[in-house]
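When we follow this note's numbering, the leftmost residue of the sequence shown carries the number 5, and every step to the right adds one. Reading through the structure tokens given below for one structure.
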Amino acid sequence: MSMNKPDAPVHWLTADEERAWRAYRRMVIAVQARTVRDLAAHGLSEPDYEVLSTLSERPDATSTLREQAAKMGWSRSRLSRHATRMEARGLIRRAPDPSDGRGCYLVLTETGWDTLREAAPTHVASVRRHVVDRLGPEDLAALGRIAEKIADAP
């Protein structure tokens with residue numbers, strides 16, 4: 005990533021670029037706030053839901069802390085602290101990772117499964133209400149292409 009040198013001229017955003025940037029920011033903040041509010045009805049945060057849902061997709065509902073942190077874009081220490089809180093609530097448990105003495109597995113518990121089964125319909129309805137149903141097929145396809153282009157950038 006190149007940073008401008010202190011004496012280099014700034015390449016300011018045009019009015020259209022700034023309008024698009026601000027619209028994107030408002031969209032992300034609004035959608036996130038709305039989906040977070042809907043998940044809160046189940047006592048879950050957005051990261052809680054992501055951990056539960058991604059673990060449910062894994063064989064044996066298990067993932068290493070390292071893999072889960074990479075998937076979420078978090079540091080291992082941040083996820084470890086979050087996992088401690090989820091473990092205290094009985095949503096997940098930790099198991100030793102024999103291939104990594106400092107690592108561990110995160111395992112979805114029965115309570116975690118039950119919580120996910122209860123929250124998933126609410127989450128899907130929330131995503132539909134706040135994003136999917138507001139867009140036509142062409143807009144949704146464009147959003148997917150744009151999101152992938154931005155997310156996949158180095």
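For each residue, glycine too, the CB sits at the ideal point set by N, CA and C. These numbers were taken from a predicted model, which means no experiment stands behind them.
Mind checking who residue 67 pairs with in its DSSP beta bridge?
-> Along the sequence shown, one-based indexing puts residue 67 at 63. Paired residues: 110.
Apart from the five residues on each side of it in sequence, which residues of its chain come closer than 6 Å, Cβ to Cβ, to residue 21?
-> Counting from 1 along the sequence shown, the entry for residue 21 is found at position 17. Correct list: empty, nothing qualifies.
Using alpha carbons as the reference points, say which of 109, 16 and 77 lies closest to residue 155.
-> On the sequence shown, residue 155 is found 151 positions in, with the first residue counted as 1. Of the listed residues, the one whose Cα sits closest to residue 155 is 77.
Please state if the CB of residue 53 and the CB of residue 127 are separated by a distance shorter than 9 Å.
-> Numbered from 1 along the sequence shown, position 123 holds the residue referred to as residue 127. Numbered from 1 along the sequence shown, position 49 holds the residue referred to as residue 53. Yes, the Cβ-Cβ distance between residue 127 and residue 53 is below 9 Å.
beta-carbon residue 33 near the ligand MN non-hydrogen atom, thresh 8 Å = The ligand MN is absent from the structure shown, which contains no ligands of any kind.
Is any beta-carbon of chain B found at less than 9 Å from that of residue 116?
-> The chain inventory of the structure shown lacks chain B, comprising one protein chain alone.
By Cβ distance, which residues of its chain are closer than 7 Å to residue 101, with the 5 residues on each side in sequence left out?
-> One-based indexing of the sequence shown puts residue 101 at position 97. Taken in chain order, the residues that qualify are 68, 107, 108 and 109.
Just reading off the beta strand (DSSP E) that residue 100 is part of, what are its end residues?
-> Residue 100 sits at position 96 when you count from the first residue of the sequence shown. It spans 96-100 - the beta strand (DSSP E) in which residue 100 sits, taken as one unbroken run.
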